[in-house]
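First to last, the protein sequences are chains W and L.
Each step along the first sequence adds one to the number in my numbering, with nothing skipped, and position 100 is 100.
One rule links them: number in my numbering = place in the second sequence (from 1) + 1000.
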Amino acid sequence: DGGITQSPKYLFRKEGQNVTLSCEQNLNHDAMYWYRQDPGQGLRLIYYSQIVNDFQKGDIAEGYSVSREKKESFPLTVTSAQKNPTAFYLCASSPWDPGTGELFFGEGSRLTVL
Amino acid sequence: AQTVTQSQPEMSVQEAETVTLSCTYDTSESNYYLFWYKQPPSRQMILVIRQEAYKQQNATENRFSVNFQKAAKSFSLKISDSQLGDTAMYFCAFMSLSGTYKYIFGTGTRLKVLA
C-alpha cells in the first residue's frame, strides 16, 4: 500500500540531545513537508522540499535541520538549539504540480523532552 | 500574508444531527484552493473536501458539504447525519496557487459526536 511512514511514533529525549525523525514515502511524490502541531496553534511549517537535494525553510525552521538525499526520504533533525521541542511532528507529501493540492500525511511522531 | 481563522475551538453534536464548522480566511489572491482536513484520535490527517476558488458551485462529498462565500472569504463545513466516526479535529486550510503552493492551516475545531 502506498503511503507515508513516520518513525518513531514516540520519542523521549534529554535536553541538549539532537534527535532525528524519519519520514519515508512510496507515493512517488516530489514535494515533502514537515509540520509541527501544538495545541491551539494548528500546523506550522518547519521545512519543505520540492525536489531531491533542495529544501526551503518554513515559518519555524530555527533549531531544526533536514536533508533530501532521496526522493522517498525527508528526515528531520531536532537540534539542541530548538528551545521548546516537545510537540507532535507531522510529515506530509504531495505532487509538486499542485493537481488537486491534496497533502498526504504520516501518522506523526510525538517528541517529549525530559 | 494569508491567514486562516477557525473561531470554534470545540463543538459537539448529537449522532444523526447536522453540524456546521466555521472558517474564514484572508488573502489578496484570486486563485487558490480551500480544504477541510480531518484528524481522528488515531492522528493520521486525511482530506475531507476541497474547493477551488474559481468554482462557484459548493463542493460536496457524501455527508460533507461546504458553503463557500468568496466575497466574504468564508468557507464553512457542514456535516449531515453525524456519525460517531466523525469525532475528530477538523482543520481548515488555504493553498495559494501562485508560486510556492504554500499551505496555511487554521488552528482547528475539535468535534465530538455524542451517542
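Just so you know, even glycine gets a beta-carbon here, dropped at the ideal spot from N, CA and C.
Ordered along the chain, which non-local residues of its own chain (more than five positions away) have a Cβ less than 8 Å from that of residue i?
| i | result |
| --- | --- |
| Pro95 (chain W) | His29, Asp30, Ala31 |
| Tyr1101 (chain L) | Met1095 |
| Val52 (chain W) | Arg68, Glu69, Lys70, Lys71 |
| Lys1073 (chain L) | Thr1024, Tyr1025, Asp1026, Thr1027 |
With residue i and residue j assumed to form a contact (beta carbons below 8 Å), what rounded beta-carbon distance in angstroms separates them?
| i | j | result |
| --- | --- | --- |
| Lys9 (chain W) | Ser109 (chain W) | 6 Å |
| Val113 (chain W) | Pro75 (chain W) | Wrong, their Cβ atoms sit about 19 Å apart, outside the cutoff. |
| Ala87 (chain W) | Gln37 (chain W) | 7 Å |
| Pro1009 (chain L) | Thr1109 (chain L) | 7 Å |
| Ser1007 (chain L) | Ser1022 (chain L) | 6 Å |
| Gln6 (chain W) | Leu27 (chain W) | Incorrect: roughly 14 Å between the Cβ atoms, too far for contact. |
With 16 other CB atoms within 10 Å as the buried threshold, where does residue i fall?
| i | result |
| --- | --- |
| Gln56 (chain W) | exposed |
| Asp1026 (chain L) | exposed |
| Ala1115 (chain L) | exposed |
| Ala1001 (chain L) | exposed |
| Lys1038 (chain L) | buried |
| Ile1046 (chain L) | exposed |
| Gly99 (chain W) | exposed |
| Arg1043 (chain L) | buried |
| Gly101 (chain W) | buried |
| Tyr1054 (chain L) | exposed |
| Thr1107 (chain L) | buried |
| Phe104 (chain W) | buried |
| Gly2 (chain W) | exposed |
| Phe122 (chain W) | No statement about residue 122 (chain W) is possible, as the shown extent of chain W runs from 1 to 114 and does not include it. |
| Leu90 (chain W) | buried |
| Gly1085 (chain L) | exposed |
| Ser93 (chain W) | buried |
Taking C-beta pairs closer than 8 Å, name the residues in chain W that residue i reaches, listed in chain order.
| i | result |
| --- | --- |
| Thr1107 (chain L) | Gly40, Gln41, Gly42 |
| Phe1091 (chain L) | Gly42, Leu43 |
Along chain W, which residues have their Cβ under 7 Å away from the Cβ of residue i?
| i | result |
| --- | --- |
| Tyr1033 (chain L) | Gly101 |
| Tyr1025 (chain L) | Under the 7 Å cutoff, chain W gives no residues; its nearest Cβ is about 13 Å from Tyr1025 (chain L). |
For residue i, return the contacting residues in chain L, with the cut-off set at a CB-CB distance below 7 Å.
| i | result |
| --- | --- |
| Gly108 (chain W) | Arg1043 |
| Phe105 (chain W) | Gln1044, Met1045 |
Residue i touches chain L at which residues, Cβ-Cβ below 9 Å?
| i | result |
| --- | --- |
| Phe55 (chain W) | By Cβ distance, chain L contributes nothing, its closest Cβ being about 13 Å from Phe55 (chain W), past 9 Å. |
Ignore the nearest five residues each way along the sequence and tell me which others in residue i's own chain have a CB closer than 7 Å to its CB.
| i | result |
| --- | --- |
| Glu1029 (chain L) | Ser1096, Ser1098 |
| Ser65 (chain W) | Thr77, Thr79 |
Apart from the five residues just before and just after residue i, which ones in its own chain have a Cβ nearer than 6 Å to its Cβ?
| i | result |
| --- | --- |
| Phe1035 (chain L) | Arg1050, Ala1093 |
Anything in chain L within Cβ reach of residue i, meaning under 8 Å, just list it in chain order.
| i | result |
| --- | --- |
| Leu76 (chain W) | Neighbours of Leu76 (chain W) on chain L: none; closest Cβ ~17 Å, over 8 Å. |
| Leu90 (chain W) | Met1045 |
Would you please verify whether the beta carbon of residue i is less than 8 Å from any beta carbon of chain B?
| i | result |
| --- | --- |
| Arg1050 (chain L) | Note that chain B does not occur in the displayed structure, where the protein chains are W and L. |
Against residue i, what residues of chain W qualify as contacts under a CB-to-CB distance less than 9 Å, listed in chain order?
| i | result |
| --- | --- |
| Tyr1054 (chain L) | By Cβ distance, chain W contributes nothing, its closest Cβ being about 13 Å from Tyr1054 (chain L), past 9 Å. |
task: With a floor of 3 residues, list each beta strand (DSSP E) that falls wholly inside the stretch 18-54 of chain W, ordered by position along the chain.
output: 19-25, 31-38, 42-51
message: Quick check on the DSSP output: what are the complete alpha helix (DSSP H) runs of length 4 or more inside the stretch 51-103 of chain W, in order along the chain?
response: Taking only runs of at least 4 residues, no alpha helix (DSSP H) segment lies wholly in the stretch 51-103 of chain W.
- prompt: In chain order, which beta strand (DSSP E) runs of at least 3 residues are fully inside the stretch 1009-1095 of chain L?
  reply: 1010-1014, 1019-1021, 1024-1026, 1032-1039, 1046-1052, 1064-1069, 1074-1079
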